[in-house]
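Presented below is the structure to which this report refers.
Numbering (full-length UniProt numbering), first residue to last: 1 to 198.
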């Protein structure tokens, strides 16, 4: 029974392919195949290169899509954070030198932050200090890069909720993915966490 179902599925796919292919051939003068009917994505480059002539020398400058769209890079520090005194200054300088219009970096710190209070023993062994964060902010400012800290609140708090100390905050006792919005202590915990940033 299972092999008959697989065979019929295969035959059905072949029939669809033949019908589509025959339509493309019949419309070949108008080039109306599937690949031609997909609308342009305005977020991707429409022209790969624009040509400019300077002193009879033709140069090609890449077109990086919509120039009015703010471009940000997501940097996830989970697991192996780079050394702040060595990485960020050169990374931000590199982003600026690319001239691609990168406006800022969205940094996902999680347990890399200089945690304190109830979170003091939760931090990563290679976590950043407050002076490291200031060093990152200074390097960003010097290179005209905006820093946005990605702050997880209700979802993606595994790094806290996986610990025994915070199990009572879980939305489901066996799943450390989501913090429960139904517990008043949740809001106190989140306020303490957000207080690290602001």
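Where a beta carbon is used, it is the ideal one built from N, C-alpha and C, also for glycine.
These figures come from a predicted structure and were not determined experimentally.
Residues near residue i by beta carbon distance below 7 angstroms, same chain, minus five either side
i: residue 163; result: 122
i: residue 126; result: 81
i: residue 70; result: 103
i: residue 183; result: 169
i: residue 149; result: 107, 109 and 197
i: residue 186; result: 169, 179 and 180
CA-to-CA distance, residue j to residue i, given in whole angstroms
i: residue 85; j: residue 129; result: 12 angstroms
i: residue 92; j: residue 181; result: 37 angstroms
i: residue 114; j: residue 178; result: 23 angstroms
i: residue 88; j: residue 95; result: 10 angstroms
i: residue 20; j: residue 90; result: 52 angstroms
i: residue 152; j: residue 99; result: 30 angstroms
i: residue 188; j: residue 166; result: 13 angstroms
i: residue 155; j: residue 136; result: 26 angstroms
i: residue 195; j: residue 144; result: 25 angstroms
i: residue 78; j: residue 133; result: 16 angstroms
i: residue 2; j: residue 9; result: 11 angstroms
i: residue 175; j: residue 142; result: 42 angstroms
i: residue 35; j: residue 6; result: Confidence at residue 35 is low in this model, with a pLDDT of 47, below 50, so its placement is unreliable and no value can be given for it.
i: residue 72; j: residue 172; result: 34 angstroms
i: residue 101; j: residue 76; result: 21 angstroms
i: residue 190; j: residue 147; result: 21 angstroms
i: residue 118; j: residue 131; result: 21 angstroms
i: residue 4; j: residue 15; result: 16 angstroms
i: residue 83; j: residue 11; result: 57 angstroms
i: residue 13; j: residue 97; result: 49 angstroms
Cross-strand partners of residue i (DSSP beta bridge)
i: residue 75; result: 107
i: residue 102; result: 71
i: residue 178; result: 155
i: residue 124; result: Residue 124 pairs with nothing; no bridge assigned.
i: residue 173; result: Partner(s): none; residue 173 has no beta bridge.
Cβ neighbours of residue i in the same chain (closer than 6 angstroms, five flanking residues each side left out)
i: residue 74; result: 106
i: residue 124; result: 111 and 112
i: residue 68; result: none
Per-residue burial, residue i [other beta carbons within 10 Å of its own, 16 or more giving buried]
i: residue 112; result: buried
i: residue 139; result: buried
i: residue 161; result: buried
i: residue 17; result: exposed
Spatial neighbours of residue i in its chain, beta-carbon cut-off 8 angstroms, leaving aside the 5 residues before and after
i: residue 158; result: 176 and 177
i: residue 192; result: 117, 118 and 119
CB contact check: residue i to chain D, cutoff 8 angstroms
i: residue 191; result: Judged by its chain identifiers, the structure shown contains no chain D, having just a single protein chain.
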